[in-house]
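To convert, count from 1 in the sequence shown and add 12; that's this note's numbering. Every residue gets a Cβ at the ideal spot worked out from N, C-alpha and C, and that includes glycine. The structure displayed is predicted, hence computed values, not measured ones. Notes follow once the structure below has been shown.
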Amino acid sequence: MARYFFDVQDGEDFIRDEEGLACPSREEVRLAAIAALPTMARDALPDSDRHEISVHVRDQKDRPVFRASLLLRAEWLDESS
Numbered sequence: 013m014a015r016y017f018f019d020v021q022d023g024e025d026f027i028r029d030e031e032g033l034a035c036p037s038r039e040e041v042r043l044a045a046i047a048a049l050p051t052m053a054r055d056a057l058p059d060s061d062r063h064e065i066s067v068h069v070r071d072q073k074d075r076p077v078f079r080a081s082l083l084l085r086a087e088w089l090d091e092s093s
C-alpha cells in the first residue's frame, strides 16, 4: 500500500507531514485530504474576513499528487456600517 504525505498550508504557516498515511487508492487520498479540512478550519478560527487552508498531498517520491482547499470569505452585502 502506498504512503502519502499530507502537508498543511494555513495562511502563511506551512506544516510538513513527515509521517504520512498509507492509502489503498487515489480515491482514499482524495477523501482523507478533504475530510481533514473542516477540522482544521474549526481549529483555526480566523480573525479576518478571508482565510484559506489547504492540504497538499505528496507521494512516496515527494511528487505532488493532490490538493484540496477550503476558503472562508465573509462580507457584508449591504452598504450600512
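Kindly indicate the opening and closing residues of the beta strand (DSSP E) around residue i.
i   : result
L89 : Taken as a continuous stretch (DSSP letters only), L89 belongs to no beta strand (DSSP E), as it is neither H nor E.
D59 : Careful: D59 lies outside any beta strand (DSSP E) and carries neither H nor E.
Helix, strand or coil for residue i? Go by DSSP, reduced to three states.
i   : result
E30 : coil
R75 : coil
Between the options, which lies nearest to residue i when the distance is taken from Cα to Cα?
i   : options            : result
S37 : L82, V77, S92      : V77
R28 : S92, L89, S66, D90 : S66
E64 : R75, R85, D55      : R85
E24 : R62, R42, R75, D90 : R62
Report back the beta-carbon spacing between residue i and residue j to the nearest angstrom; my notes put them in contact at under 8 Å.
i   : j   : result
A48 : V69 : Going by Cβ atoms, the distance from A48 to V69 rounds to 10 Å, so no, they are not a contact pair.
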